[in-house]
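Written out below as structure tokens is the structure these notes cover.
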Ligand code: PEP
Ligand code: MN
């Protein structure tokens, strides 16, 4: 389905996005009190933020946590808009939330990561949005499933939402990493390949889980051509009722934003272009060599597969595989390649060998 024909680029959304600079949405994880909302919003406005965010209903992992202030927070949102002139945005997770949000004339809504995973919830929200002209962002689902993310966007495009965008907030993982939600940048990059130029924001707060990482994640997003950032900011993060570790106060946000580099998409410099083009030709050559080597390696794995079949040997020889993996990780490190990358590449290569050997086992000997 070509849902994109009708989708507007972010500068045509009429939400205060300036040409050639990223859209920055900022505000607390949760609305907590009128004073917290107003003081945060005023400080954010002072540093040039035009769009305010705050969660009214909070999807919390465990029960008995602060689950959001509820509809009263929408009145505070309205006060923020009146007193600062900022646009206001919040998350909705069901049609009851949508009804409330439309009643209060909220400017921008987003669908949270847990809701994007649920096609029933998405379809109900989409049906209720039929004929409504409101900007909607869809966060990636918590699990790394590109189709689910695209599916949620398609449901909204189908009912006529034209100001439609995506927010990358990272993916849950059982693995412990430095991130709260691992970015897996290849997934939003693939989203943009599939849905050409869909407006894309990064949420460095939920990716990072801690404020110290926000700048580096934001910089990476801008370097990957994102259209903007949505960052959690609280007037006093130490007393925040949710996501305290990842919120920054408006002053620190100002420093982060000032330090971010806005790099060029393109530079009109013949000499540089020609150097780049030479280097890229060399990269292409190595990619071809990598493919040739992979082909040879797979052919050998097939030979081994035939021997295993003839002698009724199991496919997985655990000790052999463990020793390959630890050797390549060690040698990769000496070459300056991270353990995570080597491990991913070699696990994928090993899986391909297993797949081929499984096929061979099925053949008659
Ligand atoms: C949020 O933005 O506060 C939030 C709950 O995010 P996510 O849906 O990405 O977890
Ligand atoms: Mn949050």
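Residue numbers (our numbering): 292 to 656. We put the CB at the ideal spot given by N, CA and C, even for glycine. Fair warning: this is a prediction, and the values are worked out from it, not measured in the lab.
Does the beta carbon of residue i fall short of 7 Å from some heavy atom of the ligand PEP?
i, result
"residue 388", "no"
"residue 497", "yes"
"residue 436", "no"
"residue 501", "no"
"residue 320", "yes"
"residue 242", "In the structure as shown, the chain starts at 292 and stops at 656, and residue 242 therefore has no counterpart that could be examined."
"residue 494", "yes"
"residue 353", "no"
"residue 350", "yes"
"residue 588", "no"
"residue 507", "no"
"residue 323", "no"
"residue 460", "yes"
Could you check the C-alpha separation between residue i and residue j for me, to the nearest Å?
i, j, result
"residue 572", "residue 607", "38 Å"
"residue 528", "residue 543", "11 Å"
"residue 655", "residue 382", "57 Å"
"residue 444", "residue 384", "15 Å"
"residue 584", "residue 563", "32 Å"
"residue 587", "residue 619", "18 Å"
"residue 604", "residue 622", "29 Å"
"residue 360", "residue 440", "28 Å"
"residue 483", "residue 437", "11 Å"
"residue 582", "residue 643", "13 Å"
"residue 597", "residue 442", "42 Å"
Is residue i near the ligand MN, with its Cβ less than 7 Å from a heavy atom?
i, result
"residue 533", "yes"
"residue 356", "no"
"residue 523", "yes"
Quick one: using the 10 Å Cβ neighbour count with 16 as the cut-off for buried, is residue i buried or exposed?
i, result
"residue 648", "buried"
"residue 331", "buried"
"residue 569", "exposed"
"residue 462", "buried"
"residue 323", "buried"
"residue 471", "buried"
"residue 410", "exposed"
"residue 387", "exposed"
"residue 349", "buried"
"residue 602", "exposed"
Query - At least 3 beta-carbon pairs within less than 8 Å: the segment 448-459 vs the segment 403-420 - result: Because the criterion of three Cβ pairs below 8 Å is met, the segment 448-459 and the segment 403-420 touch.
Query raised in the report: So does the segment 495-509 actually touch the segment 300-308, counting three or more Cβ pairs closer than 8 Å?
Result: Because the criterion of three Cβ pairs below 8 Å is not met, the segment 495-509 and the segment 300-308 do not touch.
Report task. Decide if the segment 565-582 is in contact with the segment 618-638; the criterion is three or more beta carbon pairs, one per stretch, under 8 Å apart. Result -> Because the criterion of three Cβ pairs below 8 Å is not met, the segment 565-582 and the segment 618-638 do not touch.
Query raised in the report: Using 8 Å as the threshold, is the segment 474-483 in touch with the segment 428-438, meaning 3 or more CB pairs across them?
Result: Taking a cut-off of 8 Å on C-beta distances, the segment 474-483 touches the segment 428-438, as three or more cross pairs fall below it.
Query - At least 3 beta-carbon pairs within less than 8 Å: the segment 402-409 vs the segment 359-376 - result: Contact fails: fewer than three Cβ-Cβ distances are below 8 Å.
Query raised in the report: Are at least three pairs of beta-carbons, each pair with one atom in the segment 311-323 and one in the segment 498-506, less than 8 Å apart?
Result: Verdict: no, contact absent.
Requested in this report: Could you tell me whether the segment 547-562 touches the segment 505-519, using the rule of 3 or more Cβ pairs below 8 Å?
Outcome: Judged by Cβ distances under 8 Å, the segment 547-562 makes contact with the segment 505-519, as three or more pairs qualify.
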